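Take a look at the structure set out below.
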Amino acid sequence: MSTSNGQILDVTDLRTYFPIKSRGLIPRTIGQVKAVDGIDLTLAPAETLGLVGESGSGKTTAARSILRLVQPTSGRIELDGQDITHLSSGAMVKVRRKAQMIFQDPYNALNPRHTVGGIISAPFKVQKVVPPGGVRAAVMELMERVGLNPEHYNRYPNEFSGGQRQRIGIARAIALRPKLIVCDEPVSALDVSIQAQILNLLKDLQREFGIAYLFVAHDLAVVRQVSHRVAVMYLGHIVETASQETIYSAPLHPYTHSLLSAIPIPDPAQQKKRNRILLQGDLPSPINPPSGCVFRPRCFQAQEKCAAEVPPLIEVEPGHKVACHFPIAKPPESVVVSMAEEEAEVVAGARDAGVVDSGVMPH
Amino acid sequence: MINVEEVEGRAQHSPERPFLSVENLAVQFKTEDGIVQAVDGVSFTLERGKTLAIVGESGSGKSVTAQAIMGLVKGMGGIVSGEIWLDGQELNRLSPSEVQALRGDEMAMIFQDPMSSLHPFYRIGDQIVEAIVAHRKVGRGAARREALEMLKHVGIPAAERRIDAYPHQLSGGMRQRVMIAMALINSPQLLIADEPTTALDVTVQAQILELIRRLQGEFGTTVIIITHDLGVVADVADDVAVMYAARIVEMAPTSEIYNKAEMPYTLGLLASIPRRDRGQQERLDPIPGNPPSPIHLPPGCVFQPRCKYWEQVPESQGDPRTVRPELVETSPRHYVRCLLPQDVRRRISHEVLQSLRGSAE
Chain A
1 MSTSNGQILD VTDLRTYFPI KSRGLIPRTI GQVKAVDGID LTLAPAETLG LVGESGSGKT
61 TAARSILRLV QPTSGRIELD GQDITHLSSG AMVKVRRKAQ MIFQDPYNAL NPRHTVGGII
121 SAPFKVQKVV PPGGVRAAVM ELMERVGLNP EHYNRYPNEF SGGQRQRIGI ARAIALRPKL
181 IVCDEPVSAL DVSIQAQILN LLKDLQREFG IAYLFVAHDL AVVRQVSHRV AVMYLGHIVE
241 TASQETIYSA PLHPYTHSLL SAIPIPDPAQ QKKRNRILLQ GDLPSPINPP SGCVFRPRCF
301 QAQEKCAAEV PPLIEVEPGH KVACHFPIAK PPESVVVSMA EEEAEVVAGA RDAGVVDSGV
361 MPH
Chain B
364 MINVEEVEGR AQHSPERPFL SVENLAVQFK TEDGIVQAVD GVSFTLERGK TLAIVGESGS
424 GKSVTAQAIM GLVKGMGGIV SGEIWLDGQE LNRLSPSEVQ ALRGDEMAMI FQDPMSSLHP
484 FYRIGDQIVE AIVAHRKVGR GAARREALEM LKHVGIPAAE RRIDAYPHQL SGGMRQRVMI
544 AMALINSPQL LIADEPTTAL DVTVQAQILE LIRRLQGEFG TTVIIITHDL GVVADVADDV
604 AVMYAARIVE MAPTSEIYNK AEMPYTLGLL ASIPRRDRGQ QERLDPIPGN PPSPIHLPPG
664 CVFQPRCKYW EQVPESQGDP RTVRPELVET SPRHYVRCLL PQDVRRRISH EVLQSLRGSA
724 E
C-alpha cells in the first residue's frame with residue numbers, strides 16, 4: 001500500500017498547540033503555545049529528511065506529533081497511504097510496526113530493569129510476530145548487525161556506554177523492518193568519535209533495508225552528513241526547505257544564512273573566511289509570536305511588509321521552498337542584527353508570566 | 364567601571380615564570396571500584412592574555428584539570444599532586460581559605476550550566492553585588508552601579524529592569540551572560556570556561572563566543588576554555604591541548620593542530636567531525652571502539668587499543684601495548700605523545716589531513 005505519489009510519509013498543515021492553563025482551583029485555558037503551526041512534509045522511501053532548528057523551534061514536537069506521541073491539534077498525517085491522524089491508540093499499535101523512533105538520550109530511553117535481549121525483543125512481543133528461527137535468534141542477529149556483541153544478550157543497559165546504548169535503541173527500532181524511523185537528536189548526547197560511528201550505522205541500515213529517516217537535529221553539520229533533503233524550522237514554521245546541497249551552498253532565507261554562519265568550522269583558515277551574521281537575542285515566545293513573519297524581529301532583511309504579512313512558503317525552483325518576502329542569495333559579509341527593544345520585552349514578558357523559555361511546554 | 368590601570372599594574376612582577384604554569388598535575392579519586400586516575404602528569408604553560416583550549420571527550424580529564432587549577436578538587440575528595448603556579452604563586456600548597464580568597468578575584472570560572480553558579484533564590488543583581496563586596500571594600504550602592512554597568516557590558520537588554528530578575532526568569536543565553544558578568548566583575552586574571560556554550564543553540568553560542576573574545580581583548584584576561592567541540596576551538600584559542608584518558612596527548616598552536624596534527628587520536632577526532640563546509644561523505648571515518656575505563660587504563664599507550672597505526676611502531680621504539688610514550692616536542696611548541704617515529708607520524712598526518720581538505724569545498 002502506498003500513496004499515489006509514492007511517499008512513505010505525507011504531512012499536511014500539521015498544527016500542535018499546547019494550552020496554557022491559569023493557576024488556581026479551576027484552571028482555565030488562557031492561551032496557547034503554538035509549538036507547530038502549520039507544516040507540510042513529505043518523505044520518500046529510503047530518503048532522509050533533516051529537520052533542523054534551535055530549541056523552541058518546534059522540531060521535536062513536530063516529530064512526536066507525526067508518530068502521534070503527542071496529539072496534533074489539526075492537520076493530516078498519512079503514513080504509507082494510511083491516514084493515521086485520528087486512529088485510536090489500539091489501532092496505532094499496528095502502525096508502529098511501520099514507524100519507529102530513536103531518542104536523544106540513550107540513558108533514559110531504555111528500561112534499566114530489562115536485559116538488552118528483553119529490550120530488543122519487545123517489538124516482536126508487542127506486535128506478536130515470531131520471526132523464522134525464533135525471537136532469540138532474531139535479536140542476536142540484530143545485535144550483531146548494529147555492532148553489539150550478541151553474547152551480551154543478558155546484560156543490563158547500565159553495563160553499556162552511551163554509544164552502545166544508542167545501538168541498542170537502534171536495534172529495537174529496526175527489529176520489525178519499519179519503513180520510517182523518526183530520529184530525535186540521535187547523536188547529540190554522544191562524543192564526536194562515537195557520533196561518527198552511529199551516523200555511519202544509520203546510513204548503512206538505510207541502504208540495506210530502505211528505511212526512510214526523519215532526522216531531527218540542531219546540529220547542521222550532522223544533518224548535512226546524513227540528509228538528502230533539509231527543512232529548517234523556526235518558531236513552529238518551516239522557513240526553508242531544499243535538497244541538502246542547496247540548503248548548504250545556496251540558501252535563500254536570512255535565518256538559514258544566520259544559522260550556517262553561526263556554526264564554527266574546525267579549521268582556523270576557513271573560519272576566518274566565513275561571513276558572520278550575529279543574531280541578537282533568543283527565539284521569541286511561541287505564545288505571543290511576532291506579527292507577520294516570525295523571524296522578523298531578528299532579521300537583517302526585515303522591512304515593513306514583514307510585520308504586516310505572513311510570508312507563504314513558495315517554491316522558488318524545483319524542490320526549493322522559501323518563506324520570505326525578501327529572500328537573499330548573498331548575505332552581507334558581516335552583520336550584527338540588534339533585536340528591537342520592544343521585541344526583547346515581548347520575550348521577557350512571556351518569561352515573567354512564568355512560562356518556560358524554550359516554549360515547548362507550559363508548567 | 365573596570366580598573367584597567369590596576370590590571371596593567373599587576374602585570375609587572377615575576378617575569379621569569381609564565382603567567383600560568385601547571386607542572387606535572389595529577390588528580391586521583393578513590394572510589395569503590397578502585398582508584399580513578401582522572402588527571403595524570405599534565406603540564407602546560409600559558410602566557411598572560413592568551414587563550415588555551417583543552418579539548419577532549421567525556422572522561423578525558425579536561426574538566427578535572429580545570430577544577431584542580433581552581434582548587435575545587437580537594438573539596439570533592441580528590442588527591443592533587445604537582446604544582447600550579449599562577450602569577451608567581453603556587454596554588455596547590457595554599458590552604459582552602461587562601462584559595463577561596465583567590466577564586467572570584469584572581470581567577471574565576473564559568474560553567475556549562477549557568478544555574479550551577481547562580482543561586483535560584485536571589486535576584487541576579489544582588490548576587491553580583493555580593494561577589495563585589497566579598498572581595499573589595501565597596502559600598503553596596505556603588506557595587507550595584509558597577510553590577511548594572513557590567514550587565515550592560517555583557518549585552519543584557521533592558522539591564523535596569525533585569526538586574527532585579529531571578530535566574531529562572533532569564534533564557535539560557537541570558538543566564539550565561541549573567542554568569543560571565545559575575546565571573547568578570549572583579550577583573551580576574553584567569554578565566555576558566557568549562558564548556559561555556561555546549562548547552563546553547565548555535566546562534567546564541569556565536570553570541571557568547573563573540574562576547575568572551577571581546578571581553579578578553581578589553582580586559583586582557585587569560586582564558587582556558589574546556590570543550591569537546593573542535594569548531595569552537597578554531598574560533599577562540601591561541602593554543603590547543605588535546606586530552607585523552609587523563610593525559611595531554613598533543614599540544615600545539617591552534618593552526619598547527621588543524622594543519623599538522625601528528626597524534627593519531629587528534630587526527631581521528633578531526634576526521635570524525637561532520638563539517639558544514641564539507642560536502643556529504645559516503646561514510647565518516649570514525650575512531651573505532653570506546654574510550655578506556657579510567658580505572659583499568661591500558662598498560663601501554665592509552666590510545667593503542669583504538670589506534671589504526673600502532674602496528675607501524677618499529678620494535679626499537681618499544682611495544683605500544685606495554686610502553687607508555689612520553690610527551691615530546693616534535694617541532695617548536697608542538698608536543699606529541701606517540702611511539703610512532705616522527706617521519707611515519709608526519710606521513711600519516713599528511714594523508715589524513717589532505718583527504719579532509721580534499722573533501723572541503
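Protein chains in written order, with my numbering: chain A, 1 to 363; chain B, 364 to 724.
Each residue gets a CB set at the ideal place from its N, CA and C atoms; glycine is no exception.
Given the structure is predicted, the values throughout are model-derived calculations rather than measurements.
Other residues of its chain near residue i: CB distance less than 7 angstroms, five sequence neighbours each side excluded
| i | result |
| --- | --- |
| B/Thr316 | Since the displayed chain B opens at 364 and closes at 724, residue 316 of chain B lies outside it and no answer follows. |
| B/Asp468 | His498, Asn549, Pro551 |
| A/Ala175 | Ile120, Pro123, Phe124, Leu142 |
8 angstroms Cβ cutoff, residue i in contact with chain A
| i | result |
| --- | --- |
| B/Glu581 | no |
| B/Ser534 | yes |
| B/Ser421 | yes |
| B/Ile650 | yes |
| B/Asp564 | yes |
| B/Tyr485 | no |
| B/Ile555 | no |
| B/Gln430 | no |
| B/Gly467 | no |
| B/Ser635 | yes |
| B/Ala401 | no |
| B/Tyr621 | yes |
Proximal residues to residue i (C-beta, below 6 angstroms), its chain only, five neighbours per side dropped
| i | result |
| --- | --- |
| B/Val390 | Ala401, Val402, Val427, Ala431, Val436, Gly441, Val443 |
| A/Gln195 | Val187 |
| B/Ala471 | Ala546, Pro551, Leu554 |
| A/Cys293 | Cys306, Pro311 |
| A/Ile84 | Ile77, Val95 |
| B/Ser423 | Met606, Tyr607 |
Under the three-state DSSP convention, the category residue i falls into
| i | result |
| --- | --- |
| B/Asp489 | helix |
| B/Leu647 | coil |
| B/Val595 | helix |
| B/Glu446 | strand |
| B/Phe484 | coil |
| B/Glu453 | strand |
| B/Glu558 | coil |
| A/Gln301 | coil |
| A/Ala44 | coil |
| A/Ile247 | helix |
| A/Cys183 | strand |
| A/Val135 | helix |
| B/Arg499 | coil |
| B/Asp682 | coil |
Residue interval of the alpha helix (DSSP H) (run including residue i)
| i | result |
| --- | --- |
| A/Asp204 | 192–209 |
| A/Pro312 | From DSSP, A/Pro312 is part of no alpha helix (DSSP H); its letter is neither H nor E. |
| B/Ala429 | 425–432 |
Residue i - containing beta strand (DSSP E), residue span
| i | result |
| --- | --- |
| B/Tyr698 | 697–700 |
| B/Ser406 | 397–409 |
| A/Arg229 | 229–234 |
| B/Glu613 | 610–616 |
| A/Pro19 | 9–21 |
| B/Met606 | 602–607 |
| A/Gln100 | 99–102 |
| A/Arg276 | 276–279 |
Within-8 angstroms CB hit, residue i to chain B
| i | result |
| --- | --- |
| A/His218 | yes |
| A/Asn200 | yes |
| A/Pro268 | yes |
| A/Asp10 | no |
| A/Glu54 | yes |
| A/Leu252 | no |
Any C-beta of chain E under 8 angstroms from that of residue i
| i | result |
| --- | --- |
| A/Ile265 | No chain E is present in this structure, whose protein chains are A and B. |
Own chain, CB closer than 8 angstroms to residue i, minus 5 neighbours either side, in chain order
| i | result |
| --- | --- |
| B/Pro396 | It should be noted that the sequence gives Asp, not Pro, for residue 396 of chain B. So the list reads Ile658, once near-sequence residues are dropped. |
| B/Tyr561 | Per the sequence presented here, residue 561 of chain B reads as Thr, with Tyr not at that position. The residues are Gln475, Thr590, His591, Asp592. |
| B/Thr414 | Gln579, Thr585, Val586, Ile587, Ile588, Val599, Ala600, Asp601, Asp602 |
- Message: Tell me whether the segment 62–69 of chain A and the segment 242–256 of chain A touch, counting them as touching only if at least three CB pairs, one residue from each stretch, are closer than 8 angstroms.
- Response: No, the segment 62–69 of chain A is not in contact with the segment 242–256 of chain A.
- Pairing CB atoms from the segment 169–186 of chain A with CB atoms from the segment 101–108 of chain A, are three or more of them under 8 angstroms? Pairwise C-beta distances place the segment 169–186 of chain A in contact with the segment 101–108 of chain A, as three or more of them are shorter than 8 angstroms.
- Specify whether the segment 701–711 of chain B and the segment 672–692 of chain B touch according to this definition: at least 3 beta carbon pairs, one from each stretch, less than 8 angstroms apart. Contact holds: three or more Cβ-Cβ distances are below 8 angstroms.
- Message: Any contact between the segment 255–272 of chain A and the segment 626–642 of chain B? By contact I mean 3 or more CB pairs, one from each, below 8 angstroms.
- Response: Cβ pair count under 8 angstroms is three or more, so yes.
- Would you be able to state if there are at least three C-beta pairs under 8 angstroms between the segment 212–222 of chain A and the segment 282–301 of chain A? Using a Cβ-Cβ distance cut-off of 8 angstroms, the segment 282–301 of chain A and the segment 212–222 of chain A are not in contact, since fewer than three pairs of beta carbons, one from each stretch, lie closer than that value.
- Indicate whether the contact test is met: 3 or more Cβ pairs, each with one atom in the segment 30–48 of chain A and one in the segment 225–241 of chain A, closer than 8 angstroms. Taking 8 angstroms as the limit for Cβ pairs, the verdict is that the segment 225–241 of chain A does touch the segment 30–48 of chain A.
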